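Peer 1: Residue numbers (the numbering used here): 92 to 383.
Pasting in a structure now, in structure tokens, and then I'll have a few things to ask.
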């Protein structure tokens with residue numbers, strides 16, 4: 092009896108489910124033929140409205156974003172250039188013929204953070220005791236060099252001064268060959284080198300340049316105010332290395348070749364011979380005084 096009722100209920104349930112399924116029509120989407128373009132489904136109108144608003148905002152913000160990026164890039168380049176380079180205008184004739192009055196140069200401010208100044212470098216410096224102005228000179232003597240100025244007379248009767256240098260670790264002096272000096276205006280200054288501060292003397296007096304000090308000179312030796320009057324230049328006063336001339340346009344480019352050490356021949360040694368002779372005389376006088 093109970094099982095008969097259960098079978099009747101199951102039959103009734105199957106009938107109801109069949110009726111429901113019969114009332115539902117399932118429509119399958121059409122299958123496109125190969126090669127036929129498929130139409131994309133359109134989003135809901137509210138979603139489409141939100142997307143168009145977002146696109147408009149993006150298009151409006153893009154120009155401002157580009158402007159900000161360009162401004163940031165320009166600012167970064169300005170900072171890098173201002174830290175690395177300095178423009179220098181030559182004022183005066185102390186570096187003639189290498190540099191003339193009014194020349195505009197680029198000076199490199201980074202080099203001397205990576206290496207020490209070298210002989211022949213043209214540098215921008217602040218003179219001791221007057222840091223409010225900049226000078227431009229050439230490095231002649233570096234730490235460890237023993238330097239002397241010879242003012243001997245040539246065989247033709249002309250007086251031509253030259254620099255003698257004994258590099259650190261060397262046993263003999265060498266002459267500094269300087270192709271940048273003007274042949275039409277030879278260096279005839281009679282001052283010798285140097286007292287303990289690096290200034291010119293009236294008698295030959297070789298000086299060994301101490302650590303972190305530099306002996307500098309202008310290429311126009313007869314009128315240049317340089318270490319012969321200013322004294323040795325501390326490394327802390329060296330600002331930059333003159334790198335390239337950018338004006339006048341006709342002289343655009345590098346600043347020429349530097350000096351070289353060559354064997355010192357006999358004609359450039361009288362200054363040192365005079366010093367040695369003077370010292371021998373002083374020793375003889377001292378011995379005579381002790382013997383008396």
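Positions of the beta carbon are idealized from the N, C-alpha and C atoms, including for glycine.
Please read all numbers here as calculations on a predicted model, not as lab measurements.
For residue 336, is the classification buried or exposed, using 16 other Cβ atoms within 10 angstroms of its Cβ as the cut-off for buried?
Peer 2: Translated into the one-based positions of the chain shown, residue 336 becomes position 245. Classification of residue 336: buried, given that the 10 Å Cβ count is 16 or more.
Peer 1: Can we say the segment 291 to 305 touches the segment 154 to 171, given the rule of at least three CB pairs closer than 8 Å?
Peer 2: No, the segment 291 to 305 is not in contact with the segment 154 to 171.
Peer 1: Among residues of its own chain, excluding the 5 on either side of residue 195, which ones have a beta-carbon nearer than 6 Å to its beta-carbon?
Peer 2: For the purposes of this step, residue 195 is taken as residue 104 along the chain shown, with counting starting at 1. These residues qualify, in order along the chain: 180, 337, 338.
Peer 1: Return helix, strand or coil for residue 290, following the three-state DSSP convention.
Peer 2: Residue 290 sits at position 199 when you count from the first residue of the chain shown. Looking at residue 290 - three-state DSSP - the assignment turns out to be coil, as it is neither helix nor strand.
Peer 1: For the segment 207 to 240, list the alpha helix (DSSP H) runs that are entirely contained and at least 4 residues long, ordered along the chain.
Peer 2: The qualifying runs do not exist here; there are none.
Peer 1: Write down the C-beta distance between residue 311 and residue 184 rounded to the nearest angstrom, noting that I regard them as a contact closer than 8 Å.
Peer 2: Start at 1 with the first residue of the chain shown, and residue 311 comes out as number 220. Start at 1 with the first residue of the chain shown, and residue 184 comes out as number 93. At roughly 6 Å, the Cβ-Cβ gap stays under 8 Å, so residue 311 and residue 184 are in contact.
Peer 1: Secondary structure at residue 304, three-state DSSP: helix, strand or coil?
Peer 2: Numbered from 1 along the chain shown, position 213 holds the residue referred to as residue 304. Correct three-state label for residue 304: strand.
Peer 1: Kindly indicate which residue of 273, 209, 189 has the alpha-carbon position closest to the one of residue 235.
Peer 2: As a first step, residue 235 must be located in the chain shown, where it is residue number 144. Considering only alpha carbons, the answer is 209.
Peer 1: Going by beta-carbon coordinates alone, are residue 318 and residue 324 separated by less than 9 Å?
Peer 2: The sequence position of residue 318 within the chain shown is 227, counting from 1. The sequence position of residue 324 within the chain shown is 233, counting from 1. Against a cut-off of 9 Å, the Cβ pair of residue 324 and residue 318 comes out as a contact.
Peer 1: Looking only at its own chain, which residues have a Cβ that is under 6 Å from the Cβ of residue 167, when we skip the five neighbours before and after it?
Peer 2: Looking up residue 167 in the chain shown gives position 76. Taken in chain order, the list of residues that qualify is empty.
Peer 1: For residue 241 and residue 279, what's the separation of their Cα atoms in angstroms?
Peer 2: Translated into the one-based positions of the chain shown, residue 241 becomes position 150. Translated into the one-based positions of the chain shown, residue 279 becomes position 188. Answer to the nearest angstrom: the Cα atoms are 10 Å apart.
Peer 1: Taking C-beta to C-beta, are residue 228 and residue 353 nearer than 9 Å?
Peer 2: As a working note, residue 228 is residue 137 in the chain shown. As a working note, residue 353 is residue 262 in the chain shown. Against a cut-off of 9 Å, the Cβ pair of residue 353 and residue 228 comes out as no contact.
Peer 1: Apart from the five residues just before and just after residue 309, which ones in its own chain have a Cβ nearer than 6 Å to its Cβ?
Peer 2: For the purposes of this step, residue 309 is taken as the residue at position 218 of the chain shown. Only 185, 186, 228, 315, 317 meet the Cβ criterion.
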